[in-house]
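Below is one structure, written out as structure tokens, with a few remarks after it.
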Amino acid sequence: MRCKCWLLAGMLTLWAPADAAKNFTRGGATARQFGVHEIELRGQPGDNPFEVTSTVKFTAPSGSETVVRAFYDGGRTWRARVYVSESGRWRWQASTGESGAFRASSPALPGMLRRHRDDPRQWMTDNGKWFLNLSDTSYFLFLEDHREWRRYVREDAALGITSLRVTALPDKDFDFDTQKPRKEWAAYCVDPDCISLRLENFRTSDARLEWMLDNYPEMYVQLILFPRGSRYGQDETAWVKFSDGAKRRIMDYMLARFAAYPQLFWLIVNDAHYGPKFPNNNALASEVGEYFAKHDPWRHLLSTGPVRFMPFPFRGAAWVSYYHLEDAYQLGAGKMELYRSDPVHVFLGEDRYEQDRARFDPKNPTYYYRCMFWSWLLAGGSANYGGRWERTEPYSLTGSKPFTNTYREGSPDRRTYTEGLKGLDSVIHIKKFFADRRLDLVGFQPKDELVAGSGGGEPRPKLAQRRGREYLVYDPNAAAGGQDAAPDTSRTARFRVDLKGAEGTFHVEWYRPADGSSKAGEPVEGGAAREFIAPWSGCDVILYLSPKK
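The opening position of the sequence shown corresponds to residue 666 in our numbering, with each subsequent residue numbered one higher.
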């Protein structure tokens, strides 16, 4: 029986945290703009507290209203959360009659991710700034027994990473052979019909998101909402058996508990097959996508994850706000050509992992992932790194912790790795390049046809230009591509840029992405094709042409 709004609502004693800089606040504490504020309600749990319907209306200083569900958090406790979109005095009113107020101060945090208002292929945060997506794979960051999760986040931030791919409620019994949880939805549900939810897992993920918001508000999380519920390559077998009430219950709870967090963007399912042979997989993605698009109060960016090599299967769906892809050896961002006409951001969420399987592992990971990141950025999208995806270990510890992958004994893919990861060694120089120049990619258009390399292998140079006044070129100076990708150490990057459609004089700057070195070149005039020769030999390079003042 579905309970009515009978909560005996009454706030606990209001308190202010000792740390005034908290970005997640409660009760009467002063909130921060673009942070999260929570109120606590008390009531009797009844037969099934997860079926209790209670709402809270939050009224912003401007008068705009947001109604959210309160979620059950054990005992006699319900909580309601709001994304603090404005500074000033907020008011709230519970459906049970209780009310209150709190204040929100600025300066603001970055805020939620959005499609950029001036360029739908780019992202921005609510504070109006362009978002540079440099992503890492950390599926099991929220496992309760993960001892080094704080260190993992700290190190990734120091390495230049700006987003993490994380499973919302990872299953400690995940079966790596079949690549599915052994008990399907056991991390979410206490019972097979998902009548009751496993609060301890929700609390663990919640506590880590709160810590990240307080300490690393510029680290975003692609939250993988739900498990696939089937063996890899098969159709889903769990969601399809849930009643409509159970589906709404779990979706409403996820939204009530997590949607106020500004650092999240949604991925419905990871690594799923779609198409005519997989009707249940199709239904799961569509049902969740449509429900979240309608009921998420703040409309986070939303997508779903198809398997490797599959074109994005939901192009044109109203609920999709970015495309998530999986592929392999996409150093040149060639798959972006499939989506050039689509006004959405394309995110390569999975390429080949570092230290996964020797027959697929990139042999020069520092160069490989640097090349991939730069190529996808100049193509108008973004890319993701993955190293030892099964373990989620802090980067600096991988050299002292041998890692044996989970492929079966006797498999050619079984291997023990003893060297540390290297794929993120130069990512910080990508972040610094844009930050130091106060440069963004808003309005830059991929125009590879305007650049021609003089030799070298695949991948080829990438070019993006903004209104014919700024040009960015990345030349991988590649000796080889794919798994063997490496720079040509015997060659100096040299290429020709077509500036026939450009006017005026351009400032020339060279940047070495391996270590962040830069050098000025002689100014050049537009109106003709110009040849450029890098000032360093044997490495990949960036060329930035900007109007000379």
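Glycine included, each C-beta is placed from N, C-alpha and C at the ideal position.
How should residue i be labelled, buried or exposed, when 16 other C-beta atoms within 10 angstroms of its C-beta is the threshold for buried?
i: residue 712; result: exposed
i: residue 1206; result: buried
i: residue 1158; result: buried
i: residue 672; result: Its pLDDT being 38, under 50, residue 672 is placed unreliably in this model, and the value from its coordinates should be taken loosely. Buried, since its Cβ has 16 or more Cβ neighbours within 10 Å.
i: residue 847; result: For residue 847, the pLDDT reaches just 47, beneath the cut-off of 50, and the residue's location in the model is therefore unreliable, leaving the point undetermined.
i: residue 843; result: At residue 843 the pLDDT is 49, less than 50, meaning the model places this residue with poor confidence; the figure from the coordinates comes in the next sentence. Flag for residue 843 reads exposed.
i: residue 1024; result: exposed
i: residue 862; result: buried
i: residue 1052; result: buried
i: residue 969; result: buried
i: residue 766; result: exposed
i: residue 941; result: exposed
i: residue 1074; result: exposed
i: residue 1198; result: exposed
i: residue 1066; result: exposed
i: residue 1213; result: exposed
i: residue 1033; result: buried
i: residue 732; result: exposed
i: residue 959; result: exposed
i: residue 1193; result: exposed
i: residue 783; result: exposed
i: residue 761; result: buried
i: residue 1196; result: exposed
i: residue 1083; result: exposed
i: residue 1047; result: buried
i: residue 1167; result: buried
i: residue 827; result: buried
i: residue 994; result: buried
i: residue 728; result: exposed
i: residue 709; result: exposed
If you check the beta carbons only, do residue i and residue j fall under 8 Å apart?
i: residue 1188; j: residue 1170; result: yes
i: residue 802; j: residue 1054; result: yes
i: residue 1201; j: residue 1139; result: no
i: residue 915; j: residue 859; result: yes
i: residue 966; j: residue 954; result: no
i: residue 785; j: residue 1111; result: no
i: residue 1135; j: residue 1211; result: yes
i: residue 901; j: residue 936; result: no
i: residue 770; j: residue 832; result: no
i: residue 1215; j: residue 872; result: Because the chain spans 666 through 1214 in this model, residue 1215 falls outside it and cannot be assessed.
i: residue 996; j: residue 857; result: no
i: residue 884; j: residue 949; result: no
i: residue 725; j: residue 755; result: yes
i: residue 945; j: residue 1021; result: no
i: residue 703; j: residue 741; result: no
i: residue 1094; j: residue 1178; result: yes
i: residue 1097; j: residue 1030; result: no
i: residue 1036; j: residue 1150; result: yes
i: residue 852; j: residue 835; result: yes
i: residue 661; j: residue 689; result: With the chain covering only 666 through 1214, there is no way to say anything about residue 661.
Can you check which of these residues, the options, is closest to residue i by C-alpha distance?
i: residue 906; options: 779, 894, 776; result: 894
i: residue 1155; options: 856, 1147, 1204; result: 1204
i: residue 697; options: 878, 814, 850, 869; result: 878
i: residue 961; options: 755, 1147, 1080, 923; result: 923
i: residue 998; options: 1049, 1132, 706; result: 1049
i: residue 1099; options: 778, 1209, 1022; result: 1209
i: residue 1132; options: 1164, 1142, 1123; result: 1164
i: residue 891; options: 804, 824, 973, 823; result: 804
i: residue 1185; options: 830, 1179, 1144, 1172; result: 1172
i: residue 982; options: 774, 834, 956; result: 956
i: residue 1045; options: 1056, 1022, 1070, 1000; result: 1000
i: residue 1145; options: 1027, 716, 709, 699; result: 1027
i: residue 791; options: 1091, 689, 774, 912; result: 774
i: residue 1061; options: 951, 819, 1002; result: 819
i: residue 706; options: 1147, 688, 738; result: 738
i: residue 752; options: 780, 700, 758; result: 700
Suppose only complete runs of 4+ residues qualify. What are the alpha helix (DSSP H) ranges in the segment 899-943, listed by chain order? The segment 899-943 contains these whole alpha helix (DSSP H) runs: 909-923.
Extract the residue ranges of the beta strand (DSSP E) inside the segment 1114-1197, only unbroken runs of 3 or more that lie entirely within it. 1116-1118, 1127-1131, 1135-1140, 1143-1145, 1159-1163, 1170-1177, 1182-1190
Check whether the segment 1127-1135 touches the segment 1007-1020, counting contact only when three or more Cβ pairs, one atom from each stretch, lie closer than 8 Å. no
Pick out the complete alpha helix (DSSP H) segments inside the segment 757-831, 4 residues or longer, and give them in chain order. 814-824
Can you list the alpha helix (DSSP H) stretches of 4 or more residues lying completely in the segment 851-901, in chain order? Runs of the alpha helix (DSSP H) inside the segment 851-901: 864-880.
The segment 1100-1110 touching the segment 784-803, judged by at least three CB pairs closer than 8 Å: yes
Answer yes if the segment 713-728 comes into contact with the segment 805-817, meaning at least three C-beta pairs across the two stretches below 8 Å, and no otherwise. no
Curious, which full-length alpha helix (DSSP H) runs of at least 4 residues does the segment 1076-1109 contain? 1093-1102
Which runs of the alpha helix (DSSP H) spanning at least 4 residues fall entirely within the segment 1018-1056, listed in chain order? 1030-1043
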